[in-house]
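Participant:
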Amino acid sequence: MRGIVVEPCWPHTTLDGMEFRRIGHGVVDSTNERALAQITEGLAQHGDVHVAVGQTLGRGRRGREWISDAGQGLYMSVVLLPQSAIQPAALTVAAGLALLDLARDVGVVDARLKWPNDLVVGQAKLAGILVETRGLQLDRPHYVIGIGLNVLQESFPDELLAERDVTSLLQLSCVRPLEDVERLLLTVLAERLAQVESAPQQLEQDYPRAARLDGQGICVETAEGAYRGVLEGFDFEHGLTLRTADGQHQVLLEHAHQVHVDSQG
Ligand code: BTN
């Protein structure tokens, strides 16, 4: 616990009636790593929020690096220790919708979600989510929701831009201090995480619209190949329900690697 600051979160945002506990770090390897380490050591509490000034080994999905220059972005990991297991996809969806709520609250109205874990404006990535567990025991489940949000970056390294388009709130003409963005995000995140238990239908209803997929001809890429059809349903139990040329087809969310509007449709 040396070199870190533990304090209640302002404005006392609660999660399932429990207060978030803010664990502030300087520059660390990765807030997800710090959160998982505390869980392993038995020191974690439900609702812990690890926030770092910067990360040297910030990680994204599929082993990618999350560039985390000090003081430029929000690097946050939330610990959940629920009573029973949760589908990780539900957490990714809840965190994604919270990021979209935040983007709209700060005036970035054309942001949308991109399956599975991106917040984008046009094709440019503004934020990403990485939900992790380590040695999950179903009788004592734990989850870490890692969120990286580009806030104050004026530019990004050429190597990153060569891979994909990226943006920040600042580049989108939204100038907000990191502390404000953190507080706003925790407020909407608490609401969306509560819906995982209390109103999953709300998340299921909001996601297709947030990703601009509802009623559209879409393409779902899986390890077995791509499925094309009109999206007829989205829920955590059955996944994506498509009306394809051959009838109805369902793809479980954990099998959907990419989902996008079908350019051939
Ligand atoms: C992605 O888009 O691939 C997910 C990016 C997640 C980055 C965040 S930054 C805070 C937390 N700590 C990490 O090492 N990763 C996540």
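337 is the number of the first residue of the sequence shown in our numbering; add one for each residue after it. For every residue, glycine included, the Cβ atom is placed at its ideal position computed from N, Cα and C.
Starting from isoleucine 375 and walking both ways along the beta strand (DSSP E), at which residues does that stretch end?
Facilitator: Locating residue 375 in the sequence shown gives position 39, where the first residue counts as 1. Careful: isoleucine 375 lies outside any beta strand (DSSP E), inside the alpha helix (DSSP H) at 367 to 376.
Participant: Taking the alpha helix (DSSP H) that serine 534 falls in, what are its first and last residues?
Facilitator: Counting from 1 along the sequence shown, the entry for residue 534 is found at position 198. Membership of serine 534 in the alpha helix (DSSP H) is indicated by the continuous run 514 to 534.
Participant: Apart from the five residues just before and just after glutamine 538, which ones in its own chain have a Cβ nearer than 8 Å to its Cβ?
Facilitator: Looking up residue 538 in the sequence shown gives position 202. Cβ neighbours of glutamine 538 beyond the five flanking positions: Gln531.
Participant: What's the gap between the Cα of phenylalanine 582 and the Cα of valine 566?
Facilitator: What you label residue 582 is simply residue 246 of the sequence shown in a count that begins at 1. What you label residue 566 is simply residue 230 of the sequence shown in a count that begins at 1. The amino acid occupying residue 582 in the given sequence is aspartate; phenylalanine does not appear at that position. Each residue's Cα considered, the two are about 12 Å apart.
Participant: Do you know whose CA, among Leu505, Ala547, Gln459, Val587, lies nearest asparagine 486's CA?
Facilitator: On the sequence shown, position 150 is the one that residue 486 refers to. Comparing Cα-Cα distances from asparagine 486 to each of Leu505, Ala547, Gln459, Val587, the minimum goes to Leu505.
Participant: Going by the CB atoms, is the gap between valine 444 and leucine 520 shorter than 9 Å?
Facilitator: On the sequence shown, residue 520 is found 184 positions in, with the first residue counted as 1. On the sequence shown, residue 444 is found 108 positions in, with the first residue counted as 1. No, the Cβ-Cβ distance between leucine 520 and valine 444 is not below 9 Å.
Participant: Round the Cβ separation of isoleucine 359 and aspartate 384 to the nearest angstrom and send it over; I've been treating them as touching at under 8 Å.
Facilitator: Mapped onto the sequence shown, residue 359 falls at position 23. Mapped onto the sequence shown, residue 384 falls at position 48. Indeed, because the Cβ distance is near 6 Å, the residues count as touching under 8 Å.
Participant: Should arginine 319 go down as buried or exposed, given a rule of 16 or more other Cβ atoms within 10 Å for buried?
Facilitator: Residue 319 lies beyond the residue range present for the chain, which begins at 337 and ends at 601; the question has no answer from this structure.
Participant: For glycine 551, name the three-state secondary structure that DSSP assigns.
Facilitator: To locate residue 551, count along the sequence shown from 1; it is residue 215. In the structure shown, glycine 551 sits in coil (DSSP, three-state: anything other than H, G, I, E or B).
Participant: Alpha carbon to alpha carbon, how far is arginine 395 from proline 347? Give it in angstroms, no decimals.
Facilitator: Numbered from 1 along the sequence shown, position 11 holds the residue referred to as residue 347. Numbered from 1 along the sequence shown, position 59 holds the residue referred to as residue 395. Because the pLDDT at proline 347 is just 49, under 50, the model does not fix this residue reliably, and the point stays unresolved.
Participant: Report yes if the CB atom of alanine 498 is closer than 9 Å to the CB atom of leucine 462, and no otherwise.
Facilitator: Taking the sequence shown and counting its residues from 1, the one referred to as residue 498 is at position 162. Taking the sequence shown and counting its residues from 1, the one referred to as residue 462 is at position 126. No, these two residues do not count as a Cβ contact at 9 Å.
Participant: Using only alpha-carbon positions, find the residue among Phe570, Leu549, Gln419, Gln374 that is nearest to valine 597.
Facilitator: Numbered from 1 along the sequence shown, position 261 holds the residue referred to as residue 597. Among Phe570, Leu549, Gln419, Gln374, the Cα nearest to that of valine 597 belongs to Leu549.
Participant: Return the bridge partner residues of serine 413 from the DSSP annotation.
Facilitator: Position 77 of the sequence shown, counted from the start, is the residue given in the question as residue 413. DSSP links serine 413 through a beta bridge to His386, Gly482.
Participant: Which value, in whole angstroms, describes the spacing of the CA atoms of valine 595 and tyrosine 543?
Facilitator: Residue mapping note: residue 595 aligns to position 259 of the sequence shown, counting from 1. Residue mapping note: residue 543 aligns to position 207 of the sequence shown, counting from 1. Cα-Cα distance, rounded: 12 Å.
Participant: Is glutamate 540 near ligand 1, judged by its Cβ being under 8 Å from some heavy atom?
Facilitator: Taking the first residue of the sequence shown as 1, we reach residue 540 at position 204. Glutamate 540 Cβ: outside cutoff for every heavy atom of ligand 1.
Participant: Below 8 Å on the Cβ atoms is my guess for alanine 367 versus serine 413; work out the distance and round it to an integer in Å.
Facilitator: Indexing the sequence shown from 1 puts residue 367 at position 31. Indexing the sequence shown from 1 puts residue 413 at position 77. Residue identity check: residue 367 is threonine in the sequence provided, not alanine. Indeed they touch by this definition, with Cβ atoms about 4 Å apart.
Participant: Anyone know if the C-beta pair for leucine 455 and glycine 432 falls short of 9 Å?
Facilitator: Within the sequence shown, the letter at position 119 stands for residue 455. Within the sequence shown, the letter at position 96 stands for residue 432. Closer than 9 Å, so yes.
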